[in-house]
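The structure appears right after this line, and notes come after that.
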Amino acid sequence: MASRRLVEVYLDLLSQPCRAIHILLNCNKVPHTVRTVALRRGEQRTPEFTKLNPMQKVPVMDDNGFILTESDAILKYLATKYDIPEHWYPLQPERRARVDEYTAWHHTNTRPHAAKVFIMEVLLPAQTGSKVDESSLNRALSQLDDTLDKLESMFLRRQPFLCGDDITLADLLAICELMQPLGGGRDVLKQRPQLLRWRSRVQSAVGESFDKAHATLYGVRDRRKAKL
Ligand SMILES: N[C@@H](CCC(=O)N[C@@H](CS)C(=O)NCC(=O)O)C(=O)O
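Quick note on numbering: our numbering labels position 7 of the sequence shown as 26, and the sequence is numbered without any gaps.
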């Protein structure tokens, strides 16, 4: 009988949604294999990877031949299929719906707004050699500020985590996006005590898997700082 392979995840840890998956697997000790896809080397465009994901994006999961793309779907699949505490993606319909509510909102709010700041301050200057476009950056920062306001006033209003009293997949997706601008030395939560407290709670809940997932991003930040 053919033996079952460990779940495989194709990741680049400079990618926010990839880090969310990495943290979920590591802090819950789900046996898995990481296949690194180096985006900076264009490995997402190789014929082999394109066969796996014609969208040429990470993350991708291969669970014994079941191929899945989209971080949201992958996180929910892993939490449902593997031996992971129920609070990550609750079974109770209302609590689960709260997680789905955030994750639906996330992809048109937290993700694009935080990512844009990183793209403008780090990626574009590194790829093109051009200076940061300050007026576009300020526009992006102001959009991100609106999103941070909503995180505080809606999702964290009366609860310690985005969707209730315990950590869920929603917190992982959100924190990994909000950490991204740190690659350019910018802590977007610095002036926001409520969100800083939430970040500390998330860090404590996931333990060392947080820094393990973010080591590549810290490296980008530190190398940039050394060059200034
Ligand atoms: N909606 C997708 C987004 C995936 C995505 O945008 N991945 C980026 C890295 S964060 C990527 O692979 N970019 C490579 C490219 O566009 O060439 C998800 O949440 O999984």
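Positions of the beta carbon are idealized from the N, C-alpha and C atoms, including for glycine.
- Per DSSP, Val141 lies in no beta strand (DSSP E) and is assigned neither H nor E.
- In the three-state DSSP reduction, Leu58 falls in the helix class (H, G or I).
- Per DSSP, the beta-bridge partners of Met80 are Val28, Leu87.
- A straight line joining the alpha-carbon of Leu214 with that of Arg64 spans about 37 Å.
- Contact annotation: Pro78 and Leu30 have beta-carbon atoms nearer than 7 Å.
- The Cβ atoms of Val28 and Val53 lie closer than 7 Å to each other.
- If you draw a straight line from the Cα of Arg242 to the Cα of Glu62, it is about 23 Å long.
- Restricting attention to beta strand (DSSP E) runs no shorter than 3 residues, the stretch 85-169 encloses them at 85-88, ordered along the chain.
- Exclusion of Pro200 from the 6 Å shell around ligand 1 follows from its C-beta lying no nearer than that to any non-hydrogen atom of the ligand.
- Around the beta carbon of Tyr237, a 10 Å sphere encloses fewer than 16 other beta carbons of the protein chains shown; the residue is thus reported as exposed.
- Partner residues in the beta bridge of His51, as assigned by DSSP, are Val26.
- In this structure, Arg218 keeps its C-beta atom at 7 Å or more from the C-beta atom of Pro179.
- Burial check for Arg117: the Cβ neighbour count within 10 Å reaches 16 or more, so the residue is buried.
- Gly204 carries a coil assignment under DSSP once its states are collapsed to helix, strand and coil.
- Checking the 6 Å criterion, the Cβ of Lys76 is within range of a heavy atom belonging to ligand 1.
- Assigned with DSSP and collapsed to three states, Gly183 falls in strand.
- Taking the CA atoms as reference points, Glu196 sits about 22 Å from Asn72.
- Annotation: the continuous alpha helix (DSSP H) that includes Phe68 extends over 66-71.
- Nearest neighbour of Ala189 by Cα position, chosen from Arg177, Cys46, Leu247, His106, turns out to be His106.
- Remark: C-beta atoms of Met139 and Leu156 approach each other more closely than 7 Å.
- Counting every other CB atom within 10 Å of its CB across the protein chains shown gives Met74 a total below 16, marking it as exposed.
- For Ile86, the CB contacts under 8 Å within the same chain, skipping 5 residues up- and downstream, are Leu71, Asn72, Val79, Met80 in chain order.
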